[in-house]
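> Take a look at the following structure, please.
Numbering (the working numbering), first residue to last: 252 to 457.
See the structure below:
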């Protein structure tokens, strides 16, 4: 499996996790704000899909609108983009940085939305929240309950900067931003920042 295919599969799996049935979780109102945000987003998304899945499959704009309402406000796309590009971020000027964030966000949400339409009743279990050493960082730990298979751990990393937002997701120990970084570094080394932008635009046009 090439690295780009692997990345898409990782994010598709992660996307599916965000809208799964919650089992065995603590009461959200008693948890850390970051945990409340993740659990609430899942609950709202699940409720919407449960009532509108067939309509969503026919009209993708319905899902897009709900994702914009429920999911997008809780993801720090700029930090996620910067971490995915790594040290090469400094090679981009301000206009290129803004364009990179826009294209990377579109890539993630396109993959996310596609995965959500494939929901088949899988479940997710939330672990009890454990404080981090830094008060402005939080990790929400979950396990993806596969049908007939082993549980797959997935964690959501958040930071508090004008509100708690997700900046990375790990599935089975694989970081979303780290996996994208290898491909993005290859594109930049070969064709520069403009080459990476062209690559992202081409992926998003499909």
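Just so it is clear, CB atoms sit at the ideal spot from N, CA and C, and this is done for glycine as well.
In this structure, does DSSP put residue 378 in helix, strand or coil?
Looking at residue 378 - three-state DSSP - the assignment turns out to be coil, as it is neither helix nor strand.
> To which residues does DSSP link residue 418 through a beta bridge?
For residue 418, which the question treats as bridged, DSSP gives no partner whatsoever.
> Evaluate the contact criterion for the region 406 to 424 versus the region 309 to 316: three or more CB pairs, one atom per stretch, below 8 Å.
Counting Cβ pairs under 8 Å, fewer than three are found: no touch.
> Taking one C-beta from the region 409 to 425 and one from the region 441 to 452 each time, how about it: are there three or more such pairs within less than 8 Å?
As far as the Cβ criterion goes, the region 409 to 425 does not touch the region 441 to 452, which means the pair count is below three.
> Taking the alpha helix (DSSP H) that residue 432 falls in, what are its first and last residues?
From DSSP, the alpha helix (DSSP H) with residue 432 extends over 427 to 455.
> Under 8 Å, do residue 292 and residue 321 count as touching if we go by C-beta distance?
Cβ distance < 8 Å, so residue 292 and residue 321 count as in contact.
> Mapping DSSP to helix, strand and coil, what is residue 319?
Three-state DSSP puts residue 319 in a helix.
> Taking Cβ to Cβ, would you say residue 358 is nearer than 8 Å to residue 430?
Not a contact, by the Cβ cut-off of 8 Å.
> Under three-state DSSP, which class holds residue 329?
DSSP places residue 329 in helix when its eight states are reduced to three.
> Note down the Cα distance separating residue 394 from residue 432, rounded to an integer number of angstroms.
Approximately 25 Å, taken between the alpha carbons.
> Determine the DSSP secondary structure at residue 423, reduced to helix, strand or coil.
Coil.
> Alpha carbon to alpha carbon, what distance is there between residue 296 and residue 326?
About 15 Å.
> Quick one: residues in its chain with C-beta nearer than 6 Å to the C-beta of residue 392, no 5 flanking neighbours on either side, listed in chain order?
Within the same chain, residue 392 has close Cβ partners 378, 406.
> What do you get for residue 275, buried or exposed, if any count of 16 or more other CB atoms within 10 angstroms of its CB means buried?
Its pLDDT being 38, under 50, residue 275 is placed unreliably by the model, and nothing is read from it.
> Leaving out five residues before and five after residue 339 in sequence, what residues of the same chain have Cβ atoms less than 6 Å from its Cβ?
439, listed in sequence order.
> Using the Cβ count rule (16 or more neighbours within 10 Å means buried), how would you classify residue 335?
Result: buried.
> Considering only the beta carbon of each residue, do residue 387 and residue 411 sit closer than 8 Å?
Cβ distance < 8 Å, so residue 387 and residue 411 count as in contact.
> Measuring alpha carbon to alpha carbon, tell me which residue in 344, 356, 435, 341 is nearest residue 230.
There is simply no residue 230 to check, as the chain begins at 252 and stops at 457 in what is shown.
> Grab the span of the beta strand (DSSP E) containing residue 408 for me, first residue to last.
That run of the beta strand (DSSP E) goes 403 to 411.
> According to the Cβ coordinates, are residue 376 and residue 396 closer than 8 Å?
Yes. Within cutoff.
> Measuring alpha carbon to alpha carbon, tell me which of 434, 390, 354, 444 ends up nearest residue 289.
Considering only alpha carbons, the answer is 390.
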